[in-house]
Amino acid sequence: VYFPGERVPVFEWDELAVQRTGEWIRGDQADVFLIHLVDLDKASHAAGPGTDRYRQEVHGADRAIAQIAGFLTAADSLVVVGDHGHDEFGNHTPDPGYLAFGPVFAPGRLDLRQPTIALLLSAAAGTPLPQSYEGEVPHNALIAPYGGSEDAWSRTAAEVQARREGRRSAVRAAVWRFM
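Following this note's numbering, the numbering of the sequence shown begins with 33 at its first residue and continues without gaps.
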């Protein structure tokens, strides 16, 4: 959430982002919202994971997500992703967490690689997977459209694999021509 012309202290950005998101959702002003909660990341870099400040911001992020979820209807989806994780020293790691719930998502926990988050976003928006999709097609992640039935899952997984193989063949041919 961008705050043009406003001077907002950095550790108040999340609170204002949640407030504005609620206003926009209640006002039916958009179909898709991208909200970047930054307080936890800033606390990790400034104070370090495991510190009181970090724990405070983890709870703050939980409250922010719960508030945003409270603005939604049963027909809405919410996908929460991190752009990275943090190690015990506050450095970035490539293992972000994610949370997805809504009418297209199956209940339960799955550990997914970061590229697979595109599948979650695509399913929530009801859009086709991008041609360059490199993630998995997890069997039990979605109710619909990609995981609604065994046939739907098989077709989607086969399409993704065929596109992936096509890209690999093109790269091999380009490398061969280069040599």
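A virtual CB, placed ideally from N, CA and C, is assigned to each residue, including glycine.
- Boundaries of the beta strand (DSSP E) around PHE133: 130 to 133.
- DSSP, read as helix, strand or coil, puts GLY117 in strand.
- Scanning PRO139, TYR130, LEU72 and ALA156 for the CA closest to the CA of ARG145 turns up TYR130.
- Taking the Cα positions, GLU47 is about 34 Å away from PRO170.
- DSSP, read as helix, strand or coil, puts PHE137 in strand.
- ALA173 places its beta carbon 9 Å or farther from that of ALA106.
- Under the 10 Å beta carbon count, SER164 is surrounded by fewer than 16 other beta carbons and is classified as exposed.
- Annotation for ILE57: PHE103 place their beta carbon closer than 6 Å to its own, counting only its chain and skipping 5 residues before and after.
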